[in-house]
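In the working numbering, the protein residues as written are 250 to 330.
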């Protein structure tokens, strides 16, 4: 499931998840965590792995308050527009 992503980078956004459970997490949950806590390189890997359309769908379904305000507007107006 998480083939393209660096395990150490992914662990930064899934710090509270047991290593054995990471592969069984729902894709939308992983994308939400990446959008909320990850950097641009991890987000780029998520877009390659899951597709830009899927990442946009998850982003649009998230509450704006679940992402830092500056990051939310950057994603909304530039990266995922």
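All C-beta atoms, glycine included, are put in the ideal place defined by N, C-alpha and C.
Identify whether residue i lies in helix, strand or coil by the three-state DSSP scheme.
| i | result |
| --- | --- |
| residue 289 | helix |
| residue 263 | coil |
| residue 311 | coil |
| residue 284 | helix |
Excluding the five sequence neighbours on either side, which residues of its own chain have a C-beta within less than 8 angstroms of the C-beta of residue i, listed in chain order?
| i | result |
| --- | --- |
| residue 324 | 284, 308 and 316 |
| residue 292 | 283, 284, 304 and 328 |
| residue 296 | 304 |
Quick check: the Cα distance between residue i and residue j, rounded to an integer number of angstroms?
| i | j | result |
| --- | --- | --- |
| residue 266 | residue 275 | 12 angstroms |
| residue 290 | residue 273 | 22 angstroms |
Among residues of its own chain, excluding the 5 on either side of residue i, which ones have a beta-carbon nearer than 7 angstroms to its beta-carbon?
| i | result |
| --- | --- |
| residue 190 | Only positions 250 to 330 of the chain appear in this structure, which leaves residue 190 out of reach. |
Among the options, which one has its Cα closest to the Cα of residue i?
| i | options | result |
| --- | --- | --- |
| residue 313 | 326, 301 and 302 | 326 |
| residue 287 | 257, 299, 261 and 318 | 261 |
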